[in-house]
DNA sequence: TGAACGCAAAGTGAATGCAAAATGACCCTT
DNA sequence: AAGGGTCATTTTGCATTCACTTTGCGTTCA
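Chains as they are written, first to last, in the numbering used here: chain A, 24 to 253; chain B, 24 to 253.
Listed below in structure tokens is the structure:
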């Protein structure tokens, strides 16, 4: 939330954003020297930030061979989506214990707005509303440890998810809208256990859609294009 | 799993163990100089390890004021137990999809052994079997990302859990045995959603027991005893 | 001609040095 | 005597430096 006044703390945030936003292609080497020049700092705070990002699973740190952008295998993606499903399931379960009627109404409003975007085919608006709904549920769970964990996992799959959603076709869209209606229904009834299962299956559906897109569209070898110049 | 041949990697593991095993009391300052002498290294790799441990939530890193052992508030403990419950629930859900009959049998055997320890009043053996059962379910889930996450959360609450279990009375013990029977039953039937709820509630029970012990036994101010000499 | 050896350059891992901030003690003022 | 302020010491943050590993290329020998 509040970034410390230390250099390595600021670098950690900036570097994480830089990597998540797609500044480096999958599996590419990340020379310390380049990043030092990019941020205008010495290697010490940069290396500290890299260690943390490696612990978060965003980069891979091979001994004496430096940092590489963690290339997610199909297996990794599958695991991360299931993990995210478990965390969202937990968020839903806890939300049912704590959420107020006003917060449920806020989510209902978001759902309505999202449905409008769906009808108008506004992909960006739909995606933003979708994310906000899940964020609201996460907040309603009133659990900082869970929120931090969920955000960390989300960061690891964001680039994959973003790429997959762009290729997504309509049939998955309509299914997602139906699933969201189930979510809202369970939330209104404060049916925690039920909502947990719905949310897990919701992420399971997303996972399957993403995996289909990957196996269909992307070649087995990691493609090298879209190398943004730093 | 495999520790790298690097110094900071080894220090990270050793320092984490040192902290988790209770080498430092809650809220105490952790001067870098002392740790350097303890491990016989310079400050650079030590600081890198500290950054990672701060990201894991084990220590607190205040700018220009060094590292402190993270003192868990009652709220923190509550949140972490719920988070652990969500992760175990996910593990159970996934385990039901993947587990073999042989693995179920192995867990049944552990449960039987644990029941024996319960009857004989062998606290240590009971605790070990209990942990092994949950570890088996976690393995059966076949999800490395989940396992790593669960172990990280477990590390954060281990000291609290250990201290609380020592003060635990019999009535909670017998309840735990009954809950384990429910877990096994759901696992045999591969009832994933049901098992998830059971496991979440199982951790919820543990949480409540721990919180009762804390509010009953421990004074509002953090007690300073049990300072192990390094 | 191809493969193996060796050397040089680059990059990483860890230690040291230096500046700034914080802690604590002592002194001064009231 | 109590409170506040100043200075010295300690500790942290970051840069720099040194040492070792890896790697790419050229040479040599089969």
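Glycine included, every Cβ here is placed at the ideal spot set by N, Cα and C.
Taking 7 Å as the limit between beta carbons, can you name the residues of its chain near residue i, skipping five residues before and five after?
i: residue 101/B; result: 230 and 234
i: residue 50/A; result: 91, 92, 94 and 245
i: residue 172/A; result: 110
i: residue 175/B; result: 79
i: residue 40/B; result: none
If you drop the 5 nearest sequence neighbours on each side, which residues of the same chain put their C-beta closer than 8 Å to that of residue i?
i: residue 89/B; result: 52, 53, 54 and 55
i: residue 85/B; result: 91
i: residue 106/A; result: 176
i: residue 70/A; result: 55
i: residue 181/B; result: 43
i: residue 149/A; result: 137, 140, 141 and 196
i: residue 64/A; result: 30 and 34
i: residue 119/A; result: 209, 210, 213, 214, 215 and 218
Buried or exposed for residue i, going by 16 or more other Cβ atoms inside 10 Å?
i: residue 32/A; result: buried
i: residue 42/B; result: buried
i: residue 157/A; result: buried
i: residue 248/A; result: Any reading at residue 248/A must be qualified, since the residue scores a pLDDT of 35, below 50, and its modelled position is unreliable; the value itself is stated next. So residue 248/A ends up on the exposed side.
i: residue 220/B; result: buried
i: residue 166/B; result: buried
i: residue 170/B; result: buried
i: residue 109/B; result: buried
i: residue 116/B; result: buried
i: residue 153/A; result: buried
i: residue 215/A; result: buried
i: residue 128/A; result: exposed
i: residue 28/A; result: exposed
i: residue 159/A; result: buried
i: residue 147/A; result: exposed
i: residue 179/B; result: buried
i: residue 132/B; result: exposed
i: residue 239/A; result: exposed
i: residue 75/A; result: buried
i: residue 97/B; result: exposed
i: residue 24/A; result: Confidence at residue 24/A is low in this model, with a pLDDT of 48, below 50, so its placement is unreliable and the value that follows should be read with caution. Per the 10 Å Cβ criterion, exposed.
I'd like the span of the alpha helix (DSSP H) that includes residue i, first residue to last.
i: residue 148/A; result: 146 to 163
i: residue 33/B; result: 30 to 43
i: residue 57/A; result: 55 to 62
Please list, in chain order, all residues of the same chain as residue i whose beta carbon is under 6 Å from its beta carbon, the five residues on each side excluded.
i: residue 66/B; result: 55 and 59
i: residue 217/B; result: 209
i: residue 126/A; result: 163
i: residue 237/A; result: none
i: residue 145/B; result: none
i: residue 83/A; result: 91 and 93
i: residue 104/A; result: 226 and 230
i: residue 200/B; result: 141
To which residues does DSSP link residue i through a beta bridge?
i: residue 52/A; result: 91/A
Quick check on the DSSP output: what are the complete beta strand (DSSP E) runs of length 3 or more inside the stretch 64 to 129 of chain B, in order along the chain? If we require 3 residues or more, the beta strand (DSSP E) runs fully inside the stretch 64 to 129 of chain B come out as 82 to 85 and 89 to 92.
Whole alpha helix (DSSP H) runs in the stretch 191 to 223 of chain A with 4 or more residues, listed along the chain? Those alpha helix (DSSP H) runs which fall completely within the stretch 191 to 223 of chain A and span 4+ residues are 193 to 211.
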